[in-house]
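Participant:
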Amino acid sequence: MGSFRRDKDDEDEGTNTVYQNLEKTAVLQETRTFNETPVNPRKCTQILTKILYLINQGEQLVPREATECFFAMTKLFQSKDVVLRRMVYLGIKELSSIAEDVIIVTSSLTKDMTGKEDLYRAAAIRALCSITDHTMLQAVERYMKQCIVDKNPAVSCAALVSSLRLANTAGDVVKRWANEAQEALTSENIMVQYHALGLLYHIRKTDRLAVSKLVNRLTRQALKSPYAVCMLIRIACKVVEEEDHSKGEVSDSPMCAFIEACLRHKSEMVIYEAAHAIVNMKNMNGRILAPAFSILQLFCSAPKHTLRFAAVRTLNKVAMTHPAAVTTCNLDLEGLITDSNRSIATLAITTLLKTGAESSVERLMKQISSFVTEISDEFKVVIVQAICALCTKFPRKHSVLMNFLSGMLREEGGLEYKTSIVDTIITIIENNAEAKESGLSHLCEFIEDCEHTSLAVRILHLLGKEGPFSNTPPKYIRFIYNRVILENPIVRAAAVTALAQFGASCPTLLNNILVLLGRCQMDPDDEVRDRATYYLNILESGKSDLYKNYIIERPNCSIPLLEKSLTEYLNGNMEERFDLSTIPKTAPVQEETANEAMIITNSAPRAPKVTREEESAERLSQIPGIQRLGPIHKSTSPVQLTESETEYTVQCIKHIFPNHVVFQFDCVNTLSDQLLENVRVELVIPEGFILRGVIPCPKLPYNDLGSTFVVVEFPPDIPSSAATFGATLKFVVKDCDPSTGLPDSDDGYDDEYMLEDLEISVADQIQKTKKSNFQAVWDAADTEEWVEAEDTYALSAVNTMQDAVNTILKFLGLGPANLSEKVQEGTHTHTLLCSGVFRGGVDILVRAKLALADGVTMQLTVRSTEPDVAELVTSAVG
Numbered sequence: 001m002g003s004f005r006r007d008k009d010d011e012d013e014g015t016n017t018v019y020q021n022l023e024k025t026a027v028l029q030e031t032r033t034f035n036e037t038p039v040n041p042r043k044c045t046q047i048l049t050k051i052l053y054l055i056n057q058g059e060q061l062v063p064r065e066a067t068e069c070f071f072a073m074t075k076l077f078q079s080k081d082v083v084l085r086r087m088v089y090l091g092i093k094e095l096s097s098i099a100e101d102v103i104i105v106t107s108s109l110t111k112d113m114t115g116k117e118d119l120y121r122a123a124a125i126r127a128l129c130s131i132t133d134h135t136m137l138q139a140v141e142r143y144m145k146q147c148i149v150d151k152n153p154a155v156s157c158a159a160l161v162s163s164l165r166l167a168n169t170a171g172d173v174v175k176r177w178a179n180e181a182q183e184a185l186t187s188e189n190i191m192v193q194y195h196a197l198g199l200l201y202h203i204r205k206t207d208r209l210a211v212s213k214l215v216n217r218l219t220r221q222a223l224k225s226p227y228a229v230c231m232l233i234r235i236a237c238k239v240v241e242e243e244d245h246s247k248g249e250v251s252d253s254p255m256c257a258f259i260e261a262c263l264r265h266k267s268e269m270v271i272y273e274a275a276h277a278i279v280n281m282k283n284m285n286g287r288i289l290a291p292a293f294s295i296l297q298l299f300c301s302a303p304k305h306t307l308r309f310a311a312v313r314t315l316n317k318v319a320m321t322h323p324a325a326v327t328t329c330n331l332d333l334e335g336l337i338t339d340s341n342r343s344i345a346t347l348a349i350t351t352l353l354k355t356g357a358e359s360s361v362e363r364l365m366k367q368i369s370s371f372v373t374e375i376s377d378e379f380k381v382v383i384v385q386a387i388c389a390l391c392t393k394f395p396r397k398h399s400v401l402m403n404f405l406s407g408m409l410r411e412e413g414g415l416e417y418k419t420s421i422v423d424t425i426i427t428i429i430e431n432n433a434e435a436k437e438s439g440l441s442h443l444c445e446f447i448e449d450c451e452h453t454s455l456a457v458r459i460l461h462l463l464g465k466e467g468p469f470s471n472t473p474p475k476y477i478r479f480i481y482n483r484v485i486l487e488n489p490i491v492r493a494a495a496v497t498a499l500a501q502f503g504a505s506c507p508t509l510l511n512n513i514l515v516l517l518g519r520c521q522m523d524p525d526d527e528v529r530d531r532a533t534y535y536l537n538i539l540e541s542g543k544s545d546l547y548k549n550y551i552i553e554r555p556n557c558s559i560p561l562l563e564k565s566l567t568e569y570l571n572g573n574m575e576e577r578f579d580l581s582t583i584p585k586t587a588p589v590q591e592e593t594a595n596e597a598m599i600i601t602n603s604a605p606r607a608p609k610v611t612r613e614e615e616s617a618e619r620l621s622q623i624p625g626i627q628r629l630g631p632i633h634k635s636t637s638p639v640q641l642t643e644s645e646t647e648y649t650v651q652c653i654k655h656i657f658p659n660h661v662v663f664q665f666d667c668v669n670t671l672s673d674q675l676l677e678n679v680r681v682e683l684v685i686p687e688g689f690i691l692r693g694v695i696p697c698p699k700l701p702y703n704d705l706g707s708t709f710v711v712v713e714f715p716p717d718i719p720s721s722a723a724t725f726g727a728t729l730k731f732v733v734k735d736c737d738p739s740t741g742l743p744d745s746d747d748g749y750d751d752e753y754m755l756e757d758l759e760i761s762v763a764d765q766i767q768k769t770k771k772s773n774f775q776a777v778w779d780a781a782d783t784e785e786w787v788e789a790e791d792t793y794a795l796s797a798v799n800t801m802q803d804a805v806n807t808i809l810k811f812l813g814l815g816p817a818n819l820s821e822k823v824q825e826g827t828h829t830h831t832l833l834c835s836g837v838f839r840g841g842v843d844i845l846v847r848a849k850l851a852l853a854d855g856v857t858m859q860l861t862v863r864s865t866e867p868d869v870a871e872l873v874t875s876a877v878g
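Using full-length UniProt numbering, the first residue of the sequence shown is number 1, and each one after it goes up by one.
1) With H, G and I counted as helix, E and B as strand and the rest as coil, what does DSSP make of Glu788?
2) Report the three-state DSSP secondary structure of Thr769 (helix, strand or coil).
3) Leaving aside the five residues before and after Ile368 along the sequence, list all residues of the same chain whose C-beta is less than 6 Å from its C-beta, in chain order.
4) Counting C-beta neighbours from all protein chains within 10 Å, is the total for Asp172 16 or more, i.e. buried, or is it exposed?
5) Assuming Gly91 contacts Leu52 under a Cβ cut-off of 8 Å, what Cβ separation, rounded to an integer in Å, is found between them?
6) With Tyr547 as the anchor, note down where its beta strand (DSSP E) starts and where it stops.
7) If you draw a straight line from the C-alpha of Thr37 to the C-alpha of Gln78, how long is it?
8) Can you tell me the Cβ-Cβ gap for Ala435 and His461, rounded? I've got them flagged as a contact below 8 Å.
9) Hey, would you say the C-beta of Pro468 is under 7 Å away from at least one heavy atom of the ligand MG?
10) What did DSSP end up calling Ser707 once you bin it into helix, strand or coil?
11) Leaving out the 5 sequence neighbours to the left and right, which residues in its chain are closer than 7 Å to Gly688 when beta-carbon positions are compared?
12) Need the endpoints of the beta strand (DSSP E) that His433 sits in, please.
13) Considering only the beta carbon of each residue, do Ile233 and Glu273 sit closer than 8 Å?
14) In chain order, what residues of the same chain have a beta carbon less than 6 Å from the beta carbon of Ile55, not counting five sequence neighbours either side?
15) Output the residue ranges of the alpha helix (DSSP H) runs that lie fully inside the segment 452-494 and measure 4 residues or longer, sorted by chain position.
16) Leaving out five residues on either side along the sequence, give the residues of the same chain with a beta carbon under 8 Å from the beta carbon of Tyr481.
17) Classify Pro588: buried if its beta carbon has 16 or more other beta carbons within 10 angstroms, exposed otherwise.
18) Measuring alpha carbon to alpha carbon, tell me which residue in Ile477, Lys699, Val681, Glu784 is nearest Pro743.
19) Would you mind stating whether Leu860 and Glu790 have Cβ atoms separated by less than 8 Å?
20) Confirm, please, whether the CB-CB distance from Gly706 to Asp757 is below 8 Å.
21) Keeping to the same chain, check which residues put their C-beta closer than 6 Å to that of Glu260; ignore five residues upstream and five downstream.
22) Hey, would you say Val361 sits closer than 8 Å to Phe394, going by beta carbons?
23) I'd like to know if the segment 436-450 and the segment 746-761 are in contact, where contact means that at least 3 CB-CB pairs between them fall below 8 Å.
24) Just to confirm my understanding: we take Pro738, look at its own chain, exclude 5 residues before and 5 after, and list those with CB closer than 8 Å. What are they?
25) Could you check whether the segment 175-186 touches the segment 145-154, counting it as contact only if at least three pairs of C-beta atoms, one from each stretch, sit closer than 8 Å?
26) Write down the C-beta distance between Val161 and His195 rounded to the nearest angstrom, noting that I regard them as a contact closer than 8 Å.
27) Alpha helix (DSSP H) containing Ala389: first to last residue?
28) CB-CB under 6 Å to Arg612, same chain, minus the five flanking residues each way: which ones, in chain order?
29) Of all the alpha helix (DSSP H) runs that stay within the bounds of the segment 11-69, which reach a length of 4 or more residues?
30) With contact counted as at least three CB pairs below 8 Å, one residue from each stretch, are the segment 503-518 and the segment 465-481 in contact?
31) First and last residue of the beta strand (DSSP E) that includes Asp868?
32) Counting only the same chain and skipping the five closest in sequence on each side, list residues whose C-beta sits under 8 Å from that of Ala456.
33) So, is Gly836 buried or exposed, given that buried needs 16 or more other C-beta atoms within 10 angstroms?
34) In angstroms with no decimal places, state the Cα-to-Cα distance between Lys771 and Ala876.
35) Looking at C-alpha atoms only, which residue of Leu812, Ser163, Trp786 is the closest neighbour of Val762?
36) Hey, would you say Leu795 sits closer than 8 Å to Gly841, going by beta carbons?
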């Protein structure tokens, strides 16, 4: 019995396995055991387990190693041991994609597949289909058809699932098995019925009429498998949505009647699937929605954790589209706040935060205050995101929500959790001017004990941007200067920058700021000393334009493109001064839309975001002579010039340079029997534009993406730079063999294909910017250097204020300032503030005053350093 004893030290080691420290070379050496006679089943099973463990742990086997192992493994077919045989099948499946000549075991697997031993047959089918390609499939087609209708459910399911996987590579062969799949659909076994329906749908999914017939026929039958009924509901929803797209009718569809009838099914799984489908379906009327929400409300009090979680998760997801309907479930959701399952409780809280009324905010905050302390940071982040949405919905409750968030900020937590709270407070400050003072105060208290450098730097940046324009700017100076005394060099450097912004924006504080910056010049860190000296010299100059350009509005150009431009400048003649204004500005970072129903957040580090201009510069640098055009200003989103179903598909990306535009045409040839050569686009050039070059695509095989480029110079007259180009795709066609892609002969013929007209708009030539304090920049632009253009328009094509704002931003391509693109409901007047940079580095500031009456009237004021640019912007709206 001594061998069964475990020391306490062994128990503390955790869940270490005997396979944890395996070496690939040693395991492959052990495969020699497979050649022994007689076969030792137990020993061989252990060796196969080690091989599978290594593969699943990411160990890479080269083809030679995999092939030797595979052929050694085939010797084990002589053993009758059931466990060993099943391991052999698994080994074949895992090694089939690495080893060579695996097709040699086809006969052995076919024998097991058609044999009398049911324990082997299902696994043999899966292994055989994993090594069979479309050229060898016809040899086993007869056996597959027999297995699909086999009386053994395990064999039938294995054949159906394997057929479904084969359909991706050999769809034409699998389509011939539809009759057998139809017969399997009548099986008494619930899994066979489910898999048969999946295969039938996959075979017919490209034929809308065939899918409709299949669904209509099955909805009149009573499928015994709840899994099959759930799949049928999903297929029916897809068909209904397609019909809705063409007819505009939903609720009168017989398939909707079937889905509604499933709400009374005996299986809880089917009932939930039907309710979930109905509440997520578009344009569904209240008559059908009401019973679906009643079902979800009933599931909220179900004894099973899975049903409660499913119901709350669905209600959470649809709370944004049907808030009134979800509100009827609020009482049940409040009961789930104390649920023992924290996932359910968190979803219940976030749903209530989305649907709760303004009067219930205080009560809701009290209910969740005790709950928040008991959950992990991942769940807290979800709740903070929901509170952020609630702040936007009820701006008058900012004080209650801000106090709750500040309390959470003082608790223990990780960086991600603290960052989400700070993000929310900053969003409230930017959205609600009344919340600025309290929000900045809460953040000032937080940085006194903040352990995270990145958060302290971000808050100091916010204080430097918003603090000078608050009611009492001097009170923030103490919090900022404390960071200079107490924090690490990175935070101290950020504090110096924040102090300089106060000195540049608040003349009454300038003398005090100069004293503090003078002390910072004695800092032990060189970065802090350099910043203090830099800002001190600018502030002592007393020049407002230097304040604006180097302190208040610091340049935010793209760093990779700046580096590239500086390298090109140093390699050139350097006779002219380097112009920083020609470098594209980085677009404002758009926060990613979070999945509201997601509980566990992904904490993996994100890859740095690459702008479209940076990607384009890398690709265009491969074109000879493109460097002479200067730095790239902007790259637009792709514009489709053909329908998606046509034989040739073409999309265009416009790369804007200071004086040129490069049209990039991405072409795809969808005809398998044609090879296109010398592919290019011929443009009808408007007056004033000059064609500078065409770079064709030498060869365009079937289903490959090829690009051709056209370089056009802008006219010197800026108001004429918005124009429309006619476009024709021209190429040489050569007939080819569809299987090989090789042309039948060297002779071809010229052909062409008409494309949609291509337009260069004002928005294409403007790079968005975001001013940290638009009013200060606007006031500073009231000088002789800036030109102002003003006009009044009646926007007859829009009916709401928000539509008017969206239309203006779309036509002008400018970046909104201070979230002025968001219009509160019920308002009849609004001011949109936006800014951008025209190609060549020309700044643009726009103020649009909107008034809603019978339509929307707009007074547009444009300020720019170039009169022609101001004229172009005003004419774009008119």
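By construction, the Cβ of each residue, glycine as well, lies at the ideal position given by its N, Cα and C atoms.
Facilitator: In short:
1) Of the three classes helix, strand and coil, the one that applies to Glu788 here is strand, per DSSP.
2) Strand.
3) Excluding sequence positions up to five before and after Ile368, its CB lies within less than 6 Å of the CB of Ile349, all in the same chain and listed in chain order.
4) Flag for Asp172 reads exposed.
5) Sure, about 7 Å apart at Cβ, within 8 Å.
6) Segment 544-547 is the alpha helix (DSSP H) holding Tyr547; no beta strand (DSSP E) there.
7) Distance between Thr37 and Gln78, taken at the CA atoms: about 10 Å.
8) About 18 Å separates the beta carbon of Ala435 from that of His461, a gap too long to meet the 8 Å contact definition.
9) Among the components of this structure there are no ligands whatsoever, and the ligand MG is therefore not found.
10) Three-state result, Ser707: strand.
11) The residues are Pro715, Asp717, Ser720.
12) Note on identity: in this sequence residue 433 is Ala, with His being the wrong assignment. Per DSSP, Ala433 belongs to no beta strand (DSSP E) and is neither H nor E.
13) Their beta carbons are under 8 Å apart, which means Ile233 touches Glu273 by this criterion.
14) Result list for Ile55: Glu94, in chain order.
15) The qualifying runs are 453-466, 475-486.
16) These residues qualify, in order along the chain: Ala495, Leu499, Leu516.
17) Bear in mind that a pLDDT of 43 at Pro588, under 50, signals an unreliable position, so the number given afterwards is only what the model happens to contain. By the 10 Å Cβ count, Pro588 comes out exposed.
18) Nearest C-alpha to Pro743: Lys699.
19) The Cβ-Cβ distance between Leu860 and Glu790 falls below 8 Å.
20) Against a cut-off of 8 Å, the Cβ pair of Gly706 and Asp757 comes out as no contact.
21) If the five residues before and after Glu260 are omitted, its C-beta is found closer than 6 Å to the C-beta atoms of Ile288, all from its own chain and listed in chain order.
22) By the CB criterion at 8 Å, Val361 and Phe394 fall inside the cutoff.
23) Taking a cut-off of 8 Å for Cβ pairs, the segment 436-450 and the segment 746-761 do not touch, as fewer than three such pairs fall below it.
24) Counting only Cβ-Cβ distances below 8 Å, and skipping sequence neighbours, we find Ser672, Asp673, Tyr702.
25) In the pairwise beta carbon analysis, the segment 175-186 is classified as touching the segment 145-154: at least three pairs are separated by under 8 Å.
26) Contact flag correct, Cβ pair sits at about 6 Å.
27) 377-393 is the extent of the alpha helix (DSSP H) around Ala389.
28) Once the five neighbours on either side are set aside, the close Cβ partners of Arg612 are Ser635.
29) Listed in chain order, they are 24-30, 41-56.
30) Counting Cβ pairs under 8 Å, three or more are found: they touch.
31) Asp868 -> not in any beta strand (DSSP E); alpha helix (DSSP H) instead, spanning 867-877.
32) Cβ neighbours of Ala456 beyond the five flanking positions: Ile447, Cys450, Arg483, Glu487, Val491, Ala494.
33) Gly836 should be labelled buried.
34) Their backbone Cα atoms lie some 22 Å apart in a straight line.
35) Selected option, being the one with the closest Cα: Leu812.
36) At the C-beta level, Leu795 and Gly841 stay beyond 8 Å of one another.
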